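Written below as structure tokens is the structure these notes are about.
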Amino acid sequence: MTFLIITVFLLGLIAVGATASFYYLRRLYRDQKNYERGLKMVPILIHLPPMSEDTEAGGRDSRDIIDENISKAQVLYSILASTFQKGFKSRFYGQRHIALEIVATKGAVHFYAAVPVPLLGVVEQAIVSAYPTARLEEVAEHNIFSPVGRLPGTVGGELSLKENYAYPIATYQEIKRDTMQSLLNALSTLTQEDGAGIQILLRPADSTWRKSANSEASKKRGGKSSPTGFDAILSNAGDVFGALVKPPETKEDDKTKPPKDISSLDQSIIQSIEDKTKQPGFEVMIRVVASSNISHRAQTILNNLIATFALFDAPGRNGFKFVPAKDTESFITAYILRFFPQDKRNMVLNATELATLFHFPDQSNIPTSQLERQASKQVDGPRNV
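Next up, the structure:
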């Protein structure tokens, strides 16, 4: 008997040790893969479509024009969802991600994408499918950081969701305005000595996000929202204790329970969750960084940029909160190399939410001359000449 107990104990230790070793090695290999992927990203400068491609108003409501323009970006994200890869390698290292960036430096504002080499063709196809006259150019890496302010003159952090990702943020269909206008307006205040960047990293999410979101909707429908953090620990402990002292319920008891009354507000929230899951979902990470000659100026720029994200707040649902970087040097490295840790899975946005965040604005929503567009549509020359 003693021998059996010792054997079971040793097998348990071996199992725990093997599991710990696996997770340690996986983290080590993932960190190495992050550096490798960051160094192999291809920066692409996106030349925005010319004004001649803007949708003509023709007496239509401006809000309808805004909706039509922003909805084009949903084509982009629907195609990017096809980059999801199955298999052990993708589960071990995580899905490849791309970066979409709005950068202000040296008095100019530009749109960029940074793409892994294997995904170049798909991303180019996605952008051109959504915006046929956009022109893409592979360029060298940009630098937004002030050579005078250096590290003390740089501030930044991440934007995360206030609530569970099941709850959608406000989208262009509800806001009825182009949020890009406010963001570009904040960037228009930058001088030659300033720099700023909004970096949106995204990769296709697996199907578990839908199950999690639908579970949240079910809890909401039952009149019980899911707790998080320490509240979740207390709630689970209470459930266990309650189950021990409470007699088991029979099927007859379940049938006699009256249905839970759901308010119209809760019903609309449940519907918004269900609507969110009908579209492709992406794990997302958003960084915002500002740099200038002096730290006070950089902080002012950052505050102005963060303020624009309040437009995405949807009362009763979700919105963004800003988390300042604790280690500025590590944050800058992560921004430059576009690190997207594999365990960062707490923000999932669907195609409509992403289209609201990142799209190409038309001229009526570009409040600054610092953002240049193509002067005219590029036309291919004749063949066989």
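Note that the numbering used here numbers the sequence shown so that position 284 is 1089, with each residue one more than the last.
Think of the CB as a built atom: it goes at the ideal place given N, C-alpha and C, for glycine as much as any other residue.
Every value quoted in this text rests on a predicted model; they were computed, and no experiment measured them.
A distance below 6 Å between beta-carbons, with the five flanking residues on each side excluded, links ARG1008 to the following residues of its chain, in chain order: GLN900, HIS902 and GLU1088. Residue pairing by DSSP places ASN1155 opposite GLY1086 in a beta bridge. Here DSSP, grouped into helix, strand and coil, assigns LYS1126 to strand.
Annotation for THR1013: the continuous alpha helix (DSSP H) segment containing it runs 1013 to 1026. Rounded to whole angstroms, ILE811 and LYS1149 show a C-alpha spacing of 40 Å. Classified as buried, ASP1167 has 16 or more neighbouring CB atoms from the shown chains inside 10 Å of its CB. By the criterion of a C-beta distance shorter than 6 Å, GLU942 is surrounded in its chain by LEU850, once the five residues flanking it on both sides are discounted. Between the beta-carbon of GLY912 and that of GLN997 there is about 5 Å, and that keeps the pair under the 8 Å contact cut. Of the other Cβ atoms in all chains shown, 16 or more fall within 10 Å of the Cβ of GLN1004; this residue is therefore buried. With a beta-carbon spacing of about 4 Å, ALA935 and VAL880 fall inside the 8 Å limit used to define contacts. With contacts defined by Cβ atoms closer than 8 Å, ASN839 and TYR970 do not form a contacting pair.
8 Å or more divides the Cβ of LEU1116 from the Cβ of TYR882. A straight line joining the alpha-carbon of ASP859 with that of VAL920 spans about 27 Å.
Under a 10 Å Cβ-count criterion, GLY1002 is classified as buried, with 16 or more other Cβ atoms of the shown protein chains found around its own Cβ.
Taking C-beta atoms as the reference points, ILE875 and TYR977 count as a pair closer than 8 Å.
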